[in-house]
Structures are given as structure tokens and as C-alpha cells.
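Enquirer:
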Amino acid sequence: MEGNGGNYTDKTRVLDIKPLRTLRPVFPSGNQAPPFVCAPPFGPFPPGFSSFYPFSSSQASQHTPDLNQAQYPQQHQQPQNASEPSLVTPLRSFRSPDASNGNTELEGSTVKRKIPKRRPIARPENMNFESGINVAERENGNRELVVSVLMRFDALRRRFAQLEDAKEAVSGIIKRPDLKAGSTCMGRGVRTNTKKRPGIVAGVEIGDVFFFRFEMCLVGLHSPSMAGIDYLVVKGETEEEPIATSIVSSGYYDNDEGNPDVLIYTGQGGNADKDKQSSDQKLERGNLALEKSLRRNSAVRVIRGLKEASHNAKIYIYDGLYEIKESWVEKGKSGHNTFKYKLVRAPGQPPAFATWTAIQKWKTGLPSRQGLILPDMTSGVESIPVSLVNEVDTDNGPAYFTYSTTVKYSESFKLTQPSFGCDCANSCKPGNLDCHCIRKNGGDFPFTGNGVLVSRKPMIYECSPSCPCSTCKNKVTQMGVKVRLEVFKTANRGWGLRSWDAIRAGSFICIYAGEATDKSKVQQTMADDDYTFDTTHVYNPFKWNYEPGLADEDASEEMSEESEIPLPLIISAKNVGNIARFMNHSCSPNVFWQPVTYENNSQLFVHVAFFAIAHIPPMTELTYDYGVSRPSRTENDNPLYGKKKCFCGSAYCRGSFG
DNA sequence: GTCGAATCAATTTC
DNA sequence: CGAAATTGATTCGA
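The numbering of the first sequence is UniProt numbering, which starts it at 1 and goes up by one.
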């Protein structure tokens, strides 16, 4: 464990952990479980199953990596050639917020069973919200602050989106929860790196992804909420002059010509407006700043705006520092003069935008991704293929298992009590409190319009396949995997899972598939293999939901975020499972699990669904907190001491898990 | 349903 | 202080 990994002695952050069990009777106790339903290794497979066996695949031999090239470069090693940069290193390592800032919420118990902690109604006059970020931290940030600010912004944005969705839609009115959340954070001092400077911004790492312009404002990467060029006025030899600090390329003008290290950037201004004709651009403001930066050889931060065709989402990737090599004037599409700047990426920086461009090529399949063993290890069972890749050694794939997208429950998990769906026609409308499914969620629609989870809850109630709402948005985790994933061989932790797509915070990733059993009925040894999910573990608490003090409505009731799994549920994915079985543990995870339930064939089951904690850049390993098993701890031990040695590498590594 | 174009009302900074 | 900069959700049209 690197750096200050030994700091995990601050017991105030981890103590007071209580059992996850509650007494809510969702599962009946009762009958002895029959044998599991299990597909034979070579079929025929019931729906949702396929064989997974890489060695028998004809594809496997085609794509077996060249052993001489199996040693892939590590971070900062030179790319093998200009157009094929090293892509094996995650764009950045992720760290979760640190309690030392005083603004994240690791205080209190893990499992708050009886919550309603009365808070004053959040009216403007009695709002005493503290950002927890002091003046110095606001001017100069660090990684923890940046991560914390982004988490708080997005939690608030999701909440505003949820509230807007619940209102009656007014035609012509455009909802902008991003602006509302951004403005709130600005006003309450939830921001950092306000001191503008060219070059590196403390706490923002190359490869970081953003989904909103406001996110980059709040962490000081790029302050204008709209303009593409950010600049700073400095004292020159004779007079003051502007120099550029950062630019955002919208992806509209830019012609990369295949080289991700070069950017041709168009100056600002001259655009046609409602009551304005397009005109020549002037050498002022941002254009002048870029010109001065060119003269001074002052490097500029570049943020690449990208349209992900598959996602229908625009993302921004921070691509590090570029040098302005030349500038010229060119006739634009409107026939008027525009300024053009040629920027070249400073050498020696880890790949970011280059990773994204390479992934776009992989998606076409030509040429196939290096180290590819199987293009789709699910054999079409998932609607999106899952690649199997090894770039580090000669291992040809994980041991055989049966791929299933679903959980197989033993008989003892069947619910005897009938479950109620809703009777909404077509789709359930957020804000419609007549909808029984929405009522079960406390009156809030659990997801925003684009399927992002708004907040963690003890349980999420989705509409069921038997509800009449066929096009309902409250069926996120039932619809299968939506991100393009790959299973890859890690350097020291076996196989792992990562995504080709950038993943937005709150996005559903996958469920934990496998064979579910009631832990109390199983031998302890069986629950101990490497492919077991166990709800009875002790989990490190964390805060993900919006802060009531930040929202401008009555948010008097703080909601529990921690799970209430009614029975000790364990899911074994040793023989049957999905991609979730490859997700490794981390003490600073970027994914969390959330219990979800919906009725199926008149039975109610609990599903373990995984969601992104923060925005996750492409090719970053997906990890969640495995927790530690209860029996392993003794009174004198750290309560989060586990049986397995941890190699997560996080600065806050607890040293063990499981 | 889907894909691009057009539309609309936003916010911070200089 | 007001103009400048362009976004992102939605609607519209082929």
C-alpha cells in the first residue's frame, strides 16, 4: 500500500458499525431449498444462459495475443508508436472523498435503522449550510476536494432533476438541473481552485471525465460556464495582457485528422445570434489570450468535448497540457474570418483523449483490440458484448463458468405474500402519487429521465414485468447491461472489469448474478470462495445522496442510505454468474451496490444492483467495497479487518477485505 | 424508434 | 453593470 496508506487508524471514521439485518419480512423463512437450477456446461441453455468456455472457442485462437507482446507498457512508458498509444493503464486512479476535509460525512453509524432525525425545514432564512471548505481550500484544491465537490454537485443535480421531473411538464420550458445545482454550489462555496492559473490544477487528473460544463467550473479546471476559452490577465513587460489557461473543444469544429495529440482550435466570437449577423472574429478576449500564450510559449489545458454516439451523451475529457504552435486566420463556414490555433499535446502525459479515440476504433472491430481473447464472452446473452482481454500475461481466460444474466433463487426465497404493482398505463409518471410503485419508493421516482439513480436507499422498488406500464422508466436494472464492458487480466489481482464507455455517476452497471442462498442454511466454508457476494458483510459507510441543506425545498428528512437486506443473502457466482463476478474489491471504490426489488411471476426477490459512485473514465477498473465478514473480527481488531490481503493500492487502503 | 437540426432560457466572468 | 460566450434538454422534421 502506497503513501499514507497506514493512516487508517482513525477509528472515528469506521466505528459504530451495526449489523445490516433488519426484520422486514420480505423473505419467508421456511422450506428446505431444492437443488439449484443449473445449466449443463454445453447447453441447451435456458433463456438468459450461455456457455462460457474460452478455450473451446474458435475465436479464441484467432485473437490469442502474441506472447512476445504480452508485456504491455506501464504508466508513463512511451507508446509503441504515435497512433497506438499505451492504453492499458487506467486513465486515472479514483479516490473517494476523505473525511479530513470535514465536508464529507463518515460520521455516524453505518446502518441507521430508525432515521427520522428532525432537521429544521430548509427555508432560506434558517438555512445555515456550511460548505466545509475554507478560504485556502477554495483557492487551491487537492484531489479529495475535487472529488468531493463533484460528488456534491451531482447529487444535488440528480435531486433537482428528480424534483423537476415530478412537476407537470410545461411545454417550451427547458429544465436545467445542472445550472441550478451549479449555481447553488457556487453560491454556497462548494467549489475549489478558484485561484486561476495556467498549467496543472491541483486535484484534477488527466483523463478525468465530466458530463457538465459546470463541473469544470466548480473544480477550477475551466471557469467560464459557457465560453470555450478561459484566460487570465497578467502583468506583461509594459502592460497587462491576457494569457489563456484552458480551452474546451466542443468537437464541432475540430479536425484531428487521426492524430489525437493535435488540435486545431477555432477562436471565439463572430457567430450569428438571434438579432446579430455572423461577422469576422476579433483579436480580443480569448482570441487575444491564445495569441499571447503562443508568443509566451505558455501551455494551455485542453478539455476535449466528445459526443458518444452510443450513449447519446456529450462528455468532456481533460486531456492535459498542450502548446500552441501556430495561429492563422481562415474563412469560416459563414464566409467570415475566424482565428485558428494549432495546439500540440505536451509529451510524457498519460493518454486520455487518445484512449477514447482508440476505443471508438475497437467498437468498429477493425482492427480488433490488442490482447483480445473473445469479442463477447457472454455469447450474445447480454445485449451488449463483453470483451475478454489479456494484455499482461499468457492466461487464456478465467476458469469455466456458466454465464447467466439473472439470479437463481432457491425455493426458500419465494415470497408468500402477494406483491402489488401499479396500474399506470404506458408509463409511470414521476410525481404521480397514485402510482403504487412510486409510493413504495417514498413518493420519489428513483431514477432521472435518462436512467440515473438519484439516491441510495435501503431498497429501490422497480415496476415489475407484470405492471401495465410497458415503457416505464422505473425498470432500469431489469433491462440489462447498457455500458460496453470488458473483462481484463489485471497485473496482480486476477481478472477485473472495466468499461469502454465513460460512465456517469449513478448509472446502472449490472446486477450480481449467481445462485442465491440464505446464509443461515449454508456451511460457512461454502460462502468463502472468491465469487461470493455477501450482504452480511460489514461495509464502510459513505455518503452519496444530496445534502438537504443544499437543496432549496423542504428537505427536512434525511434519508438512510444504507441497505436493509431482510435476510442474510449470499450469492455464489462460482458456477453461474455474470460480469459482476469479475469486479474486484477496492477500499476506495468507484461502484456501490444497492438492493432493488420487483415482482416477477408473483414472486418478490431482492436483487443486488451496482451503480457508479462518480463519473468513471473509460478503461478505469470498476471496483466495489467487498466489506469484511463478521466472524473475522475480534474486539481488539480494526472492525474492518478482513481475511484477504488487499492490493487495491488506494491511499486509504484498509489492508484487507473479505 | 432514430438521428440531426432547430429551439429556448439559462450563468459566470470580465 | 451589461455584454459575451454557448450549453443541454427538448421538440421537430425527415
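Quick reminder that beta carbons are idealized off the backbone N, C-alpha and C, glycines included. All values derive from a computational prediction rather than experimental measurement.
Quick check: the Cα distance between I613 and H537, rounded to an integer number of angstroms?
Expert: 19 Å
Enquirer: When burial is assigned at 16 or more other CB atoms within 10 Å of the CB, is W328 buried or exposed?
Expert: exposed
Enquirer: Any idea if R619 is buried or exposed, counting beta-carbon neighbours within 10 angstroms, 16 or more meaning buried?
Expert: It is Met, not Arg, that sits at residue 619 in the sequence shown. Buried, by the Cβ-count rule.
Enquirer: State the DSSP-derived secondary structure class of G537, mapped to helix, strand or coil.
Expert: According to the sequence provided, residue 537 is His. The question's Gly does not apply to it. DSSP places H537 in coil when its eight states are reduced to three.
Enquirer: Could you give the residue range of the beta strand (DSSP E) that holds L604?
Expert: Segment 603 to 612, the beta strand (DSSP E) holding L604.
Enquirer: What is the residue span of the beta strand (DSSP E) that K489 lies within?
Expert: According to the DSSP assignment, K489 belongs to the beta strand (DSSP E) that extends over 485 to 489.
Enquirer: Please go through the same chain and pick out, in chain order, the residues whose beta-carbon is closer than 6 Å to the beta-carbon of C472, but skip the five residues on each side of it.
Expert: S427, C428, C463
Enquirer: Cβ atoms of Y341 and L221: under 8 Å apart, would you say?
Expert: no
Enquirer: Since G642 is in the alpha helix (DSSP H), which residue starts that stretch and which ends it?
Expert: First-last for G642: undefined, no H or E at that position.
Enquirer: What does DSSP give as the partner residues of C467 in its beta bridges?
Expert: Its beta-bridge partners do not exist; DSSP assigns none.
Enquirer: How long is the line joining the alpha carbons of E515 and N578, rounded to whole angstroms?
Expert: In this structure, the alpha-carbon of E515 lies about 11 Å from that of N578.
Enquirer: Specify the secondary structure class of K429 as computed by DSSP and reduced to three states.
Expert: coil
Enquirer: If the criterion is Cβ atoms closer than 8 Å, does the pair I264 and V300 meet it?
Expert: no
Enquirer: In three-state terms, what does DSSP make of H336?
Expert: coil
Enquirer: Ignore the nearest five residues each way along the sequence and tell me which others in C217's own chain have a CB closer than 6 Å to its CB.
Expert: S223, S225
Enquirer: Can we say the segment 543 to 550 touches the segment 598 to 610, given the rule of at least three CB pairs closer than 8 Å?
Expert: no
Enquirer: Roughly how many whole angstroms lie between the Cα atoms of N337 and E130?
Expert: 48 Å
Enquirer: With DSSP as the reference, label P595 as helix, strand or coil.
Expert: Strand.
Enquirer: Anyone know if the C-beta pair for V389 and R369 falls short of 8 Å?
Expert: yes
Enquirer: For K180 and F160, what's the separation of their Cα atoms in angstroms?
Expert: Rounded to the nearest whole angstrom, the CA to CA distance from K180 to F160 is 7 Å.
Enquirer: At the level of alpha carbons, what is the spacing between V147 and K282?
Expert: 38 Å
Enquirer: Assign D146 to one of three DSSP states: helix, strand, or coil.
Expert: The sequence given here places Val at residue 146; Asp does not occur at that position. Helix at V146.
Enquirer: Classify H585 as helix, strand or coil using the three-state DSSP reduction.
Expert: strand
Enquirer: Using the Cβ count rule (16 or more neighbours within 10 Å means buried), how would you classify residue 671?
Expert: Examination of residue 671 is not possible in this model, given that the chain is present from 1 through 658 alone.
Enquirer: Give the range of the beta strand (DSSP E) segment to which S249 is assigned.
Expert: 240 to 249
Enquirer: Taking only the alpha-carbon atoms, compute the straight-line gap between R285 and N271 and give it to the nearest angstrom.
Expert: 15 Å
Enquirer: With burial defined as no fewer than 16 other Cβ atoms inside 10 Å of the residue's Cβ, what is the status of A169: buried or exposed?
Expert: exposed
Enquirer: Pair every Cβ in the segment 131 to 151 with every Cβ in the segment 197 to 212, then say whether three or more of these pairs are closer than 8 Å.
Expert: yes
Enquirer: With distance defined between alpha-carbon atoms, name the residue in C422, D423, V381, E391 nearest to T405.
Expert: V381
Enquirer: If contacts are defined as beta-carbon pairs under 8 Å, then F533 and V608 qualify, I think. What distance do you get, rounded to the angstrom?
Expert: 6 Å
Enquirer: Where G305 and C653 are concerned, what is the direct C-alpha to C-alpha distance, given to the nearest angstrom?
Expert: 33 Å
Enquirer: Which residue from L604, R630, I616, H585 puts its Cα closest to that of C648?
Expert: It is H585.
Enquirer: Which whole-angstrom value is the C-beta distance of E564 and R456, which I expect to be below 8 Å?
Expert: The pair is not a contact, with the Cβ atoms about 12 Å apart (cut-off 8 Å).
Enquirer: For the putative contact between D178 and R191, defined by C-beta atoms under 8 Å, what is the C-beta separation to the nearest angstrom?
Expert: Incorrect: roughly 15 Å between the Cβ atoms, too far for contact.
Enquirer: Hey, how far is the Cα of F212 from the Cα of T517?
Expert: 42 Å
Enquirer: Could you tell me which of E164, C185, K167, R176 sits nearest to R138, measuring between CA atoms?
Expert: C185
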